[in-house]
Every structure is written in structure tokens, then in C-alpha cells.
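Reading the sequence shown from the start, the letters are residues 1 to 221 in full-length UniProt numbering. Written below as C-alpha cells is the structure these notes are about.
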Amino acid sequence: MSNADQQSDVILVVVHPDTESVTWNVARAMKESIAAENLTATTYDLAASGFDPAFNSDDLAHFRGLAGVPVDVAEQQQMLRSAAAVVLVFPVYWWSLPALAKGWIDRVFTRGFAYDDRVADAPSAIKGLHLVAIGGIDEGTHQRHGYKEAMTLQMIHGIADYSRIEASSLEFLYDADSDDPAVRRELIAQAEVIGAKIAASVVGQRESASPQQLSSLGLST
């Protein structure tokens, strides 16, 4: 965790055990780009956090309305609730999310927090969800086999849209396994652009938000 216990405009949840990896370098570049737009941004090291991604009997009891939110899940939700946007930065494993990231979503994106299918048009406590997928191989392979389309359907339609999250996006970066310094520099440059786009999304949401929505973000008109 890097200051994720403090309220920030943007929380970058980073899913990689190596803090010198391309994934982490991308996250750091995005953080700097967001900060350059006069927003606060912090990184959260999910791999080092000790969070258990396995959906368990306590999670099931909560889903069935028989128990409250597990303590470790409630801590994660409080962190996300305070942010204007959540950014999940992860390497692509087997054409999808790493198990740690998928389990984090399974447990933390609970009914009554991320979504509520019992109430019509219920808003999500997550104001913005932006996913940054880092692929080891080239874009052509992802496109040719339909992986990009499949991941977009799963993560944007299946998670963000179902949860009625107001702002969402999925960005792909490719060739992360390349040792070419020029490719690495280009990845960082792309990350900076993505960070600026996320910052613009946050600012746009605030400019169009109602007083009640601003209050939920800890802001005032």
C-alpha cells in the first residue's frame, strides 16, 4: 500500500508482485500524469496487501443476506468509496485477469456496494472504474483471436455496466515482454496519456455532478 489509507481522488490498485515490473512502472507513470492534473492519486499494492481473494463462506453468507460484510472486504470498500475513480492495473494472464484481481472483484464488488440488483437504477458506490490491461505480446494477436473483444465484454459490460458505474474504461498496452528500450519508453508514454484521460474523466464527472453527488465524494459546491 502507498498512502491508500488517505483519501485520494484516484486509487490505482496494482496487481503484480514485482514492484519493478512493467505493470508497476505503468502505474507509476499514470499516477504522475494524474497528479499533473491537480488531482491526488495513490497506489495500492494488492499483491503485498495480504488480501485473500478466495470467495469463502463469510462472503456467501453476506450475499445471501445472512451476515454483514467481512471485515477485510469492508476495509477495501472503504478505500474505494472515498475515491472519485478506481484504476485496476494488471498483467494479462491467460487472456483475462490474474486470479488475485478476479478474486478481489468477486469479494469486494458486493451487492449493496458495487451494485444492487434488488433496486431499480441503484447507483454504484464506485464512481469510476478504469482497467488497464498489460499484455506481453502484440496487439495483432489479441485482435486476431478476439481476446480484446472478449475482455471488453467481460469487464466493461459484465462488471462496470452491470454495476451501473458512471464512468468506466478498459485500456490495453502491448508488448510488455519486449526488452527493446524504445518499446518500454512507448509503454510509459502511453501510460501517461491514459492517466491524463482518467484525470479528465474525474474532472468531467465533478463538473456535471449534483450537490448530492459531490457530497458523496467529500466535496462541496
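No residue lacks a Cβ here, since even glycine has one placed at the ideal position from N, Cα and C.
Query raised in the report: Contact check, V10 vs V202 under 8 Å by CB: the rounded distance?
Result: That pair is a contact at about 7 Å.
Report task. Tell me whether the beta-carbon of A134 lies closer than 8 Å to the beta-carbon of V86. Result -> Reading the sequence as shown, one finds Ile at residue 134 and not Ala. For I134 and V86, no; Cβs fall outside 8 Å.
Requested in this report: Would you give the residue range spanned by the alpha helix (DSSP H) that F55 belongs to?
Outcome: Neither: F55 is in no alpha helix (DSSP H) and is coded neither H nor E.
Query - Contact set for D138: own chain, Cβ-Cβ below 7 Å, skip 5 residues either direction - result: Scanning its chain for C-beta atoms nearer than 7 Å, with the 5 sequence neighbours on each side dropped, one finds around D138 the residues Y174 and D175, in chain order.
Query - Residues sharing a beta bridge with P91, DSSP - result: For P91, DSSP records a beta bridge to I134.
Query raised in the report: Which residues mark the beginning and the end of the alpha helix (DSSP H) in which S49 is found?
Result: Looking at the DSSP string, the run of the alpha helix (DSSP H) that includes S49 is L46 to S49.
Query raised in the report: Can L100 and V13 be called in contact, C-beta distance under 8 Å?
Result: Not in contact: L100 and V13 (Cβ atoms no closer than 8 Å).
Report task. Kindly indicate the opening and closing residues of the alpha helix (DSSP H) around V15. Result -> That residue, V15, is in no alpha helix (DSSP H); it is neither H nor E in DSSP.
Query - Helix, strand or coil at L97 [DSSP, three-state] - result: Three-state result, L97: coil.
Query raised in the report: In chain order, what residues of the same chain lie with their CB nearer than 7 Å to the CB of A83, ignoring the 5 residues before and after it?
Result: Non-local C-beta neighbours of A83 in its own chain, meaning closer than 7 Å and more than five positions away in sequence, comprise S8, D9, V10 and I11, ordered along the chain.
Query - Residue range of the unbroken alpha helix (DSSP H) whose run includes S201 - result: Per DSSP, S201 belongs to the alpha helix (DSSP H) from P181 to S208.
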